[in-house]
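Numbering (my numbering), first residue to last: 3 to 578. Note that beta-carbon positions come from the ideal geometry of N, C-alpha and C, so glycine has one too. Everything numeric in this text was worked out from a predicted model, so none of it was measured. Beneath this line is the structure, given in structure tokens, with notes to follow.
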């Protein structure tokens with residue numbers, strides 16, 4: 003006796019909001035079998051696990067492990083028995099002869115998560131203790147997330163359960179993981195504004211070589227005749243607000259300006275762009291930040307003079323966009339999101355290495371100017387125009403009832419289901435007291451709308467799926483057993499962490515890093531106005547950067563931040 007799930011769509015293609023997911027449950031019976039129901043579920047869950055600090059009186063193997071799990075999505079469909087069978091016979095169990103059976107199912111992904119209306123799945127493990135109130139965030143469904151085994155993950159899957167009536171017969175279960183990439187938030191109108199990061203630096207004055215003393219000529223003061231070293235200013239600019247899109251190049255502009263009266267020639271030597279991801283993980287009162295990075299562009303030994311032979315008085319230059327516009331974001335980059343216990347934000351780190359030459363020749367000094375900007379990463383999946391139209395026409399403060407109601411008839415009594423009396427207002431604080439229910443809720447002050455607006459008031463049941471290109475999303479799965487093993491059933495005498503998590507899963511976090519391809523084509527770009535035309539041959543690749551890892555651990559040993567600082571080995575290179 004076996005059961006499996008067969009989807010109509012390719013499971014490697016990520017789903018998005020308002021998509022339909024359909025398929026069949028295939029049941030194989032080698033002999034006659036008695037079953038009660040067959041339930042298919044579309045679920046999404048966000049799990050975190052953090053180790054608490056060790057107390058002085060505790061043993062090393064007794065460290066506190068805090069677990070937090072949120073059901074972001076939970077939709078149940080009973081595919082057997084059919085409504086006709088239930089109306090015709092009042093039986094609670096059915097005997098099926100040996101053979102092959104197929105039961106179709108179909109779900110639709112909503113816009114927002116609904117864990118604020120759901121009871122925690124850990125309530126049954128408290129065993130009479132005070133219920134812990136989780137912080138709930140009602141926002142767009144987050145993307146699938148992996149790469150932190152034993153620490154955090156966000157999973158989407160379709161699960162089938164064949165319920166057998168006899169207590170000594172185990173229910174059959176099967177699960178099929180899927181990938182999810184949400185639609186992006188409504189983009190603000192183009193205001194022709196830019197967000198920028200700026201850095202100014204002056205080159206060091208090189209010590210003059212002392213002249214040899216001569217018998218019949220007075221030594222000249224070369225220090226007085228030495229020219230002042232130039233001062234440079236570098237700007238990195240993005241359209242405001244700073245938004246970059248998955249699988250698309252950066253809409254970046256980099257400007258280099260020579261300040262002062264110096265006539266030295268500024269030379270571009272190195273250029274690097276790195277995307278840094280900060281994943282904030284929370285489990286009850288414990289927090290931790292995991293840092294990962296993707297090197298998008300890395301070029302060295304460019305030796306590209308920023309000079310215009312037609313205009314010697316020009317002091318501002320724009321770096322050619324071919325340095326970065328042919329390198330899209332890697333497919334392993336997840337869009338920015340914020341859910342109940344996991345959030346992801348990004349920063350763009352741009353490093354420009356400059357040197358200069360004057361009448362005396364090339365100076366050996368190389369100054370690396372780092373620029374860092376906070377950015378938002380969008381999925382690139384635009385929401386349907388009908389959805390944007392309903393949001394634009396919605397009056398402020400108008401409330402719309404949920405589009406996907408959960409009735410008691412849709413959920414069997416022995417399955418998890420949300421409490422209908424639970425208020426929809428998110429809880430943002432931890433409390434040891436039970437939440438107030440129904441009319442016991444105290445009046446709350448008016449909270450201003452967030453920007454961009456939420457989808458919950460504009461979501462409608464009759465909206466068609468998103469019609470547009472789908473972005474490939476590579477979820478970096480760990481080559482090991484799942485860190486969160488929810489199918490394993492153990493005794494009640496085991497610890498809570500051992501019941502919820504696999505004993506074979508590694509609890510060591512891993513930093514997920516992907517490298518982008520570097521450019522090898524010639525740089526030829528012509529810009530109108532006062533911007534110069536930089537025409538140079540192909541530049542060599544950047545050698546492997548020597549870096550040392552530095553880890554900072556706070557007092558509670560839970561909020562950790564790993565950062566990598568490049569240390570250049572060449573003499574005469576300094577990083578500002």
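Of the listed residues the options, nearest to residue i (C-alpha basis)
i, options, result
"residue 279", "266, 293, 267 and 289", "293"
"residue 170", "28, 287 and 37", "37"
"residue 206", "198, 194 and 232", "232"
"residue 77", "146, 347, 109 and 252", "109"
"residue 50", "88, 82, 67 and 41", "67"
"residue 203", "258, 176 and 254", "258"
"residue 344", "189, 197, 474 and 150", "150"
"residue 281", "8, 338, 25 and 475", "338"
"residue 83", "41, 174 and 6", "41"
"residue 371", "154, 381, 357 and 384", "357"
"residue 270", "359, 164, 465 and 72", "359"
"residue 101", "18, 189, 3 and 166", "3"
"residue 380", "115, 65, 249 and 44", "249"
"residue 43", "32, 57, 52 and 24", "24"
"residue 72", "323, 306 and 283", "283"
"residue 5", "160, 473, 47 and 382", "160"
"residue 26", "60, 177, 111 and 255", "177"
"residue 255", "297, 15 and 318", "318"
"residue 468", "334, 174 and 22", "22"
"residue 163", "155, 156, 18 and 175", "175"
"residue 229", "198, 200, 240 and 266", "266"
"residue 33", "103, 16 and 80", "103"
"residue 139", "148, 117 and 158", "117"
"residue 145", "349, 333, 374 and 243", "333"
"residue 173", "376, 29, 374 and 351", "29"
"residue 193", "152, 155 and 244", "244"
"residue 17", "111, 361 and 154", "111"
"residue 107", "89, 88, 79 and 264", "79"
"residue 375", "268, 158, 242 and 12", "242"
Where residue i sits in the DSSP three-state scheme
i, result
"residue 18", "coil"
"residue 315", "coil"
"residue 88", "helix"
"residue 183", "coil"
"residue 388", "helix"
"residue 64", "helix"
"residue 168", "coil"
"residue 356", "strand"
"residue 323", "helix"
Cβ separation of residue i and residue j, assumed to be a contact under 8 Å, to the nearest whole Å
i, j, result
"residue 285", "residue 70", "4 Å"
"residue 325", "residue 301", "7 Å"
"residue 85", "residue 142", "Between residue 142 and residue 85 the Cβ distance is about 33 Å, and since that is not below 8 Å, they are no contact."
"residue 46", "residue 74", "4 Å"
"residue 274", "residue 236", "Actually they do not touch by this definition, with Cβ atoms about 13 Å apart."
"residue 387", "residue 20", "Incorrect: roughly 13 Å between the Cβ atoms, too far for contact."
"residue 272", "residue 304", "7 Å"
Residues bridged to residue i [DSSP beta-bridge criterion]
i, result
"residue 176", "162"
"residue 72", "48"
"residue 114", "142"
"residue 300", "274"
"residue 241", "196"
"residue 7", "27"
"residue 101", "31"
"residue 261", "233"
"residue 250", "According to DSSP, which records beta bridges pairwise, residue 250 is partnered with nothing at all."
CB contact below 9 Å: residue i versus chain B
i, result
"residue 8", "In summary, chain B is missing from the structure at hand, where a single protein chain is found."
Closer than 8 Å is the cut-off here; do at least three beta carbon pairs connect the segment 95-104 with the segment 27-37?
At 8 Å Cβ cutoff, the stretches touch.
Quick check: the segment 186-195 against the segment 51-58, are at least 3 beta-carbon pairs closer than 8 Å?
No, the segment 51-58 does not touch the segment 186-195.
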